[in-house]
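For reference, the structure discussed in these notes is given below.
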Amino acid sequence: MSIYAYVVAGWLLVMGSLGIVRSRNLVHAVVCLGIAQSATYVLLLGVGYQRGAKPPVYGSAPAHPSLHVMDPVVQAMTLTDIVVSATVTALLLALAIQIRKRRGTIDPDELTAIEG
Amino acid sequence: MSRPLRLVVFAAGAGGTAALFLLAVLDMPPFGSRFHPYRNHSVPAALAHATANVVSSVNFDQRGMDTLAEESILFASVVVVATLLRKTDDEEWRKERRGRVLDSTLLMGWILLPYTLLLGFDVVAHGHLTPGGGFQGGVVLGTGIHLLYVAGRYDMLRRVRPIRPFEWGEAIGTGAFACLGVAGVLATGAFLANVVPHGTFGTLLSAGTVPILNGAVGVEVASGVVVLVSAFLDQAIGLETAPAGGGKGGRAGNGRDAEGGGNR
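The listed protein sequences correspond, in order, to chains A and B. Residue 57 in the working numbering sits at position 57 of the first sequence, and the numbers go up by one each step. Count along the second sequence from 1, then add 116; that gives the number in the working numbering.
In structure tokens form, the structure reads like this:
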């Protein structure tokens with residue numbers, strides 16, 4: 001099952017997107033977007049994983065540092081990913097509040113007409 | 117588009133995406149293998165700059181430019197949320213409401229407040245040595261302050277935590293990161309170059325600019341979280357539609373009319 005982790009990532013992406021498509025509530029849609037985005041965390045960390053390797057944090061000065069650690073580059077990218085996800089969530093929730101104030105609903109199906 | 121039709125369109129798109137994704141995955145190096153070319157380059161580079169936490173080295177030293185962009189995204193989103201959720205003319209501050217807080221909640225809040233803040237500073241300060249850093253520690257600091265809200269009252273939080281300094285902190289944190297980048301240009305000609313002496317591996321004073329950038333990010337993230345949470349708390353608790361608006365039903369209509377009159 002060497003591709004299991006990658007399949008989990010693909011599954012999260014598709015299920016999160018399905019949740020957005022089926023959503024009747026913008027807050028629910030934002031949460032689904034978060035789930036879809038968490039696919040990238042699983043994918044990135046899965047790419048960087050190595051069996052039996054240690055975390056990429058060294059305790060004291062290593063004389064002959066072992067290179068067999070998890071890939072730190074994808075871990076750093078995951079951190080970036082989480083930060084961006086959090087900011088996008090905040091932004092979308094603020095927009096949902098504004099839509100509720102202006103239009104009186106947060107059901108995407110009722111928000112059909114474009115208002116300027 | 118009707119809901120069933122939308123699902124059909126989605127099924128086609130999702131099926132195609134899933135098929136292509138599976139094809140791509142089948143050709144990737146197997147999960148858990150020893151093949152990690154990025155790691156083989158980034159780890160020696162981190163050790164050369166005396167950075168124990170390689171992830172921090174990647175974030176703040178090897179690709180600090182990306183982190184500056186990431187920080188700018190955070191900054192922009194906080195500014196936009198604060199703008200979207202600012203108090204409008206037809207809203208006013210709610211009267212102070214005195215609720216009752218359980219003594220046990222109060223006690224836990226006051227015990228956890230200093231502990232959480234200390235933990236946040238620790239995570240920021242040791243970002244180059246142990247897992248953690250400015251982003252993680254900043255979130256701990258920013259949320260820790262809101263124990264005041266959990267263990268007390270909203271109006272107390274608003275009195276104890278003036279929002280202005282945090283708005284400044286947000287800007288100063290972002291600015292400090294960019295200034296350190298410019299310092300790198302002046303010293304070596306490369307933006308965000310690690311210009312500070314690297315120090316002894318594994319000690320607090322090591323990794324050159326990494327802990328300084330961590331501190332700048334910590335200030336920015338903590339301030340940003342406080343500004344964000346306060347904007348949402350104001351909407352949820354602090355603000356209410358002015359009585360003249362005529363209750364909830366009239367709220368949406370009035371807001372629209374007011375804006376229409378102003379903009380068109």
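Every residue, glycine too, gets a C-beta built ideally from N, C-alpha and C.
Taking DSSP's pairing of strands, which residues face residue i in a bridge?
i         : result
Ser322(B) : Gly315(B)
Leu62(B)  : Here chain B comprises residues numbered 117 to 380, so residue 62(B) is not present and cannot be evaluated.
Lys54(A)  : Val69(A)
Gly148(B) : Gln50(A)
Asn169(B) : Val57(A)
Less than 8 Å between the beta carbons of residue i and residue j, yes or no?
i         : j         : result
Val69(A)  : Val159(B) : yes
Leu119(A) : Phe251(B) : Nothing can be reported for residue 119(A): it is not among the residues displayed for chain A, which extend from 1 to 116.
Ala332(B) : Phe293(B) : yes
Leu321(B) : Leu308(B) : no
Val73(A)  : Tyr154(B) : yes
Val196(B) : Leu91(A)  : yes
Phe348(B) : Ala168(B) : no
Ile97(A)  : Leu111(A) : no
Val88(A)  : Val42(A)  : no
Val343(B) : Phe282(B) : yes
Trp209(B) : Gly354(B) : yes
Val21(A)  : Phe126(B) : yes
Asp350(B) : Leu190(B) : no
Ile261(B) : Arg277(B) : yes
Ser346(B) : Ile279(B) : yes
Asn87(B)  : Gly249(B) : Past the edges of chain B, shown from 117 to 380, lies residue 87(B), and the structure says nothing about it.
Is residue i close to chain A, meaning its C-beta is less than 8 Å from at least one C-beta of that chain?
i         : result
Ala134(B) : yes
Gly334(B) : no
Ile328(B) : no
Gly363(B) : Residue placement at Gly363(B) is poorly supported in this model, since its pLDDT is 45, which falls under 50; the coordinates are not used for a value here.
Gly253(B) : no
Gly378(B) : Low confidence applies to Gly378(B): its pLDDT is 37, below 50, so where it sits in the model is not reliable, and the reading given next is rough at best. No, its Cβ sits nowhere closer than 8 Å to a Cβ of chain A.
Ala188(B) : Checking the displayed sequence, the identity of residue 188(B) turns out to be Ser instead of Ala. Judged by the 8 Å Cβ criterion, Ser188(B) is not in contact with chain A.
Thr168(B) : The sequence as given places Ala at residue 168(B); Thr does not occur at that position. By this cut-off, Ala168(B) is an interface position.
Ile279(B) : no
Tyr154(B) : yes
Leu344(B) : yes
Ser193(B) : yes
Phe126(B) : yes
Thr246(B) : yes
Leu320(B) : no
Arg216(B) : no
Phe137(B) : yes
Ala386(B) : Missing from the structure shown is residue 386(B); chain B here goes from 117 to 380 and no further.
Asp182(B) : yes
To the nearest angstrom, report how far apart residue i and residue j are at their CA atoms.
i         : j         : result
Thr204(B) : Leu233(B) : 33 Å
Asn330(B) : Thr246(B) : 12 Å
Thr259(B) : Leu139(B) : 42 Å
Asp143(B) : Gly131(B) : 19 Å
Val266(B) : Arg275(B) : 15 Å
Gly305(B) : Met77(A)  : 26 Å
Leu388(B) : Met224(B) : The requested residue 388(B) does not occur in the structure, where chain B is confined to residues 117 to 380.
Gly334(B) : Gln37(A)  : 24 Å
Gly253(B) : Gln50(A)  : 27 Å
Val312(B) : Thr325(B) : 6 Å
Ala374(B) : Thr357(B) : Residue placement at Ala374(B) cannot be trusted, given a pLDDT of 41 that sits under 50; what the coordinates show is reported in the next sentence. Taking the straight line from one Cα to the other gives about 13 Å.
Val170(B) : Ala53(A)  : 14 Å
Arg119(B) : Gly300(B) : 55 Å
Val217(B) : Tyr270(B) : 12 Å
Val14(A)  : Asp71(A)  : 26 Å
Glu336(B) : Thr290(B) : 6 Å
Gln178(B) : Ser23(A)  : 41 Å
Asp182(B) : Asp81(A)  : 12 Å
Assuming residue i and residue j are in contact, meaning their beta carbons sit under 8 Å apart, how far apart are those beta carbons, in whole angstroms?
i         : j         : result
Leu67(A)  : Asn156(B) : 6 Å
Ala338(B) : Leu257(B) : 4 Å
Gly104(A) : Gln75(A)  : Actually they do not touch by this definition, with Cβ atoms about 44 Å apart.
Ala161(B) : His314(B) : With 8 Å as the limit, Ala161(B) and His314(B) do not qualify as a contact, their Cβ atoms being about 12 Å apart.
Leu12(A)  : Ala29(A)  : Contact flag wrong, Cβ pair sits at about 16 Å.
Phe107(B) : Tyr6(A)   : Examination of residue 107(B) is not possible in this model, given that chain B is present from 117 through 380 alone.
Ser173(B) : Ala323(B) : 7 Å
Gly243(B) : Glu286(B) : About 19 Å; that fails the 8 Å criterion.
Ala134(B) : Gly10(A)  : 6 Å
Ser2(A)   : Gly34(A)  : At roughly 28 Å, the Cβ-Cβ gap does not stay under 8 Å, so Ser2(A) and Gly34(A) are not in contact.
Determine, for residue i, whether the minimum Cβ-Cβ distance to residues of chain B falls below 8 Å.
i         : result
Gln98(A)  : yes
Ala76(A)  : yes
Leu67(A)  : yes
Ile3(A)   : yes
Pro108(A) : no
Tyr41(A)  : no
Ser17(A)  : yes
Leu95(A)  : yes
Leu91(A)  : yes
Leu79(A)  : yes
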